[in-house]
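Peer 1: Residue numbers 109 to 214, in our numbering, belong to the letters of the sequence shown in order.
Cβ atoms here follow ideal geometry from the backbone N, Cα and C, with glycine treated the same way.
Below is one structure. I have some questions about it.
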Amino acid sequence: MPNLGTTEIIIIAIVVLVLFGAKKLPEASRSLGRSLRIFKAETKGLREDDVTPTPAPSPKPIATPKAELESSEVDALRKRVAELEHDAVQAPSANGVGPVEAQQQH
Numbered sequence: 109m110p111n112l113g114t115t116e117i118i119i120i121a122i123v124v125l126v127l128f129g130a131k132k133l134p135e136a137s138r139s140l141g142r143s144l145r146i147f148k149a150e151t152k153g154l155r156e157d158d159v160t161p162t163p164a165p166s167p168k169p170i171a172t173p174k175a176e177l178e179s180s181e182v183d184a185l186r187k188r189v190a191e192l193e194h195d196a197v198q199a200p201s202a203n204g205v206g207p208v209e210a211q212q213q214h
C-alpha cells in the first residue's frame, strides 16, 4: 500500500470537500461508515461459515439380506414353538387326562 504523507492527506481532504460540499460531507461519511460495518459483518459471517463445517448425518447400518432372513426364520420358529406349547397344554392325553393333570397324579 502506498505511503501517504500529510500533504497527500490534505490534498485528498480538499478534493473530497470540493466534490461533496460542506453540507453533504457528514452524511457521506455516515453512509460510508454504515457500508463498511455491513461489509465487515458479511465477511465475518462468511469466515464463520468456513470454520464450522456442518456435521454429516451418521450412516445407517445396512442389514444384509441373509441376516434379515435369519431373523425372520427365528421369529417364525419362536411363534411355532409358542403355538405348540399352547396346544400341548390344551390337548388331552391318551388316557383322557390333560398333561397338567397327569403330572399331578404321579
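Check SER166 in the structure and name its three-state DSSP category.
Peer 2: Working through the sequence shown from its first residue, we reach residue 166 at position 58. Here SER166 sits in coil by DSSP.
Peer 1: Would you report the Cα separation of ARG155 and ASN111, rounded to the nearest angstrom?
Peer 2: The residue labelled residue 155 in the question sits at position 47 within the sequence shown. The residue labelled residue 111 in the question sits at position 3 within the sequence shown. Cα-Cα distance, rounded: 29 Å.
Peer 1: Straight-line CA distance for PRO134 to ASP157?
Peer 2: Along the sequence shown, read from residue 1 onward, the residue named residue 134 stands at position 26. Along the sequence shown, read from residue 1 onward, the residue named residue 157 stands at position 49. Approximately 35 Å between the Cα atoms of the pair.
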